[in-house]
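Comments concern the structure below.
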Amino acid sequence: MKKRLKRVYKKLYSIFGRQYWWPADSAFEVMVGAILTQSTSWANVEKAILNLKKHKALSSRRLRTISLSRLALLIRPAGYYNIKAARLKNFADFFHKQYKADISKMRSANTGILRQQLLSVNGIGPETADSILLYALDKPVFVVDAYTKRILSRHGFIKDNYGYSQVQDLFMKNLKRDAKLFNEYHALLVRLGKDYCKKNKVKCEVCPLGYDK
DNA sequence: CACCAGGCAAGTA
DNA sequence: TACTTGCATGGT
Numbered sequence: 002m003k004k005r006l007k008r009v010y011k012k013l014y015s016i017f018g019r020q021y022w023w024p025a026d027s028a029f030e031v032m033v034g035a036i037l038t039q040s041t042s043w044a045n046v047e048k049a050i051l052n053l054k055k056h057k058a059l060s061s062r063r064l065r066t067i068s069l070s071r072l073a074l075l076i077r078p079a080g081y082y083n084i085k086a087a088r089l090k091n092f093a094d095f096f097h098k099q100y101k102a103d104i105s106k107m108r109s110a111n112t113g114i115l116r117q118q119l120l121s122v123n124g125i126g127p128e129t130a131d132s133i134l135l136y137a138l139d140k141p142v143f144v145v146d147a148y149t150k151r152i153l154s155r156h157g158f159i160k161d162n163y164g165y166s167q168v169q170d171l172f173m174k175n176l177k178r179d180a181k182l183f184n185e186y187h188a189l190l191v192r193l194g195k196d197y198c199k200k201n202k203v204k205c206e207v208c209p210l211g212y213d214k
């Protein structure tokens with residue numbers, strides 16, 4: 002499995018090259034984006050983030066003080082806006098109370114402890130927590146998403162009923178614990194998924210990885 | 001028109 | 001523990 006996973010990575014990298022994830026101006030913007038992109042296209046998230054920037058609302062202080070309804074209005078393009086507005090506030094409150102809204106304090110925390118703390122915030126699940134750890138804080142944690150499972154399942158690496166942590170373990174136990182590698186690998190899987198492995202538009206016959214299921 | 005996108009929590013059995 | 005459902009906009 003170690004060789005197979007590394008071979009897939011090299012293949013994807015040779016085809017698509019660097020993906021430059023996560024596109025953002027700051028670590029805080031990555032964290033906000035991680036919540037906004039829950040089951041939502043990145044193009045819509047970009048509109049929401051632009052609105053937050055235009056109204057100077059992209060800070061933990063502003064996210065805590067702005068009214069729920071006004072925040073919801075700003076992030077409307079990202080969908081699920083009422084729920085996500087509450088989730089952003091939950092996260093901003095946590096960030097302020099636990100880490101004094103200080104990214105460097107958060108970065109120096111123990112990864113396992115921090116992951117548990119993030120998961121305890123209502124609105125932050127495994128993928129969002131790991132996206133924050135990896136893409137905002139450079140922690141060597143592999144992010145699993147719907148594309149990851151779909152691609153691995155269709156290529157026979159896993160059964161389609163594997164859970165989040167099972168898929169995550171597959172990567173983390175068989176690859177060097179390297180944030181840069183995890184960063185690029187996950188981004189490449191999403192790239193492949195967008196181009197060739199959409200939910201109901203399977204293009205296995207032209208998938209660069211081949212089709213060996 | 002239908003389908004879905006870089007999920008999650010709450011409810012049900 | 002293991003499903004099911006609500007949440008919602010904007011692009012294809």
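Under our numbering, the first residue of the first sequence carries the number 2, and numbering increases by one thereafter.
Glycine included, every Cβ here is placed at the ideal spot set by N, Cα and C.
Distance between beta carbons of L75 and A58, contact taken as under 8 Å:
Within the first sequence, residue 58 is the residue found at index 57, counting from 1. Within the first sequence, residue 75 is the residue found at index 74, counting from 1. The Cβ separation is near 6 Å, so the contact holds.
Below 8 Å CB to CB, which residues in the same chain sit around L53 once its five sequence neighbours on both sides are set aside?
Within the first sequence, residue 53 is the residue found at index 52, counting from 1. Cβ neighbours of L53 beyond the five flanking positions: V33, L59, L75 and I76.
Quick one: give me the first and last residue of the alpha helix (DSSP H) that A14 is part of.
Counting from 1 along the first sequence, the entry for residue 14 is found at position 13. Note that residue 14 is Tyr in the sequence shown, not Ala. Start and end: K3 to F17.
State buried or exposed for Q169, treating a residue as buried only when at least 16 other CB atoms are found within 10 Å of its CB.
Numbered from 1 along the first sequence, position 168 holds the residue referred to as residue 169. Q169 should be labelled buried.
Alpha helix (DSSP H) segment containing G194, residue limits
Numbered from its first residue, the first sequence carries residue 194 at position 193. Unbroken alpha helix (DSSP H) run through G194: A180 to Y197.
By the 10 Å Cβ neighbour count, where 16 or more other Cβ atoms means buried, how is Q167 classified, buried or exposed?
As a working mapping, residue 167 is identified with position 166 in the first sequence. By the 10 Å Cβ count, Q167 comes out exposed.
Identify whether N91 lies in helix, strand or coil by the three-state DSSP scheme.
What you label residue 91 is simply residue 90 of the first sequence in a count that begins at 1. Under the three-state reduction of DSSP output, N91 falls in the helix class.
Confirm, please, whether the CB-CB distance from L51 to L89 is below 8 Å.
What you label residue 89 is simply residue 88 of the first sequence in a count that begins at 1. What you label residue 51 is simply residue 50 of the first sequence in a count that begins at 1. No.
P78 and N45 closer than 8 Å at C-beta
For the purposes of this step, residue 78 is identified with residue 77 of the first sequence, where counting begins at 1. For the purposes of this step, residue 45 is identified with residue 44 of the first sequence, where counting begins at 1. Taking 8 Å as the Cβ cut-off, P78 and N45 qualify as a contacting pair.
In angstroms, rounded to a whole number, what distance separates the CA positions of T41 and D139?
Numbered from 1 along the first sequence, position 40 holds the residue referred to as residue 41. Numbered from 1 along the first sequence, position 138 holds the residue referred to as residue 139. Cα-Cα distance, rounded: 23 Å.
Excluding five sequence neighbours on each side, which residues of the same chain lie with their C-beta closer than 8 Å to the C-beta of L134?
Position 133 of the first sequence holds residue 134. Same-chain partners within the cutoff: T112, L115, R116, L119, K140 and V142.
Run through DSSP, which three-state label would K160 get?
In the first sequence, the residue the question calls residue 160 occupies position 159. Here K160 sits in coil by DSSP.
What residue ranges within the region 19–99 form continuous alpha helix (DSSP H) runs of no fewer than 4 residues, ordered along the chain?
28–37, 43–55, 61–66 and 69–75
Any idea if Y186 is buried or exposed, counting beta-carbon neighbours within 10 angstroms, 16 or more meaning buried?
Position 185 of the first sequence, counting from 1, holds the residue named residue 186. The residue is buried, with at least 16 neighbouring Cβ atoms inside 10 Å.
For D94, which residues in the same chain have their Cβ closer than 7 Å to its Cβ, ignoring the five residues on either side in sequence?
In the first sequence, counting from the first residue as 1, residue 94 sits at position 93. Answer for D94: R65, listed in chain order.
How would you write the range of the alpha helix (DSSP H) that S166 sits in, first residue to last?
For this step, residue 166 is matched to residue 165 along the first sequence. That run of the alpha helix (DSSP H) goes Y165 to M173.
Using only the alpha-carbon positions, how far apart do K55 and G157 sit?
Taking the first residue of the first sequence as position 1, residue 55 is located at position 54. Taking the first residue of the first sequence as position 1, residue 157 is located at position 156. So the alpha carbons of these two residues sit roughly 46 Å apart.
Is Y148 near V31, with beta carbons less than 8 Å apart?
Reading the first sequence from its first residue, position 147 is the one you call residue 148. Reading the first sequence from its first residue, position 30 is the one you call residue 31. In this structure, V31 does not lie closer than 8 Å to Y148 by Cβ.
Give me the Cα-Cα distance between C208 and Y197, rounded to the nearest whole angstrom.
Walking along the first sequence from the start, residue 208 turns up at place 207. Walking along the first sequence from the start, residue 197 turns up at place 196. Using only the alpha carbons, I get a separation of about 6 Å.
With a 10 Å radius around its C-beta and 16 neighbouring C-beta atoms as the bar for buried, classify K214 as buried or exposed.
Here the question's residue 214 lines up with position 213 in the first sequence. In this predicted model, K214 has a pLDDT of only 45, less than 50, meaning its place in the structure is not dependable; the value taken from the coordinates is given anyway. Under this definition K214 is an exposed residue.
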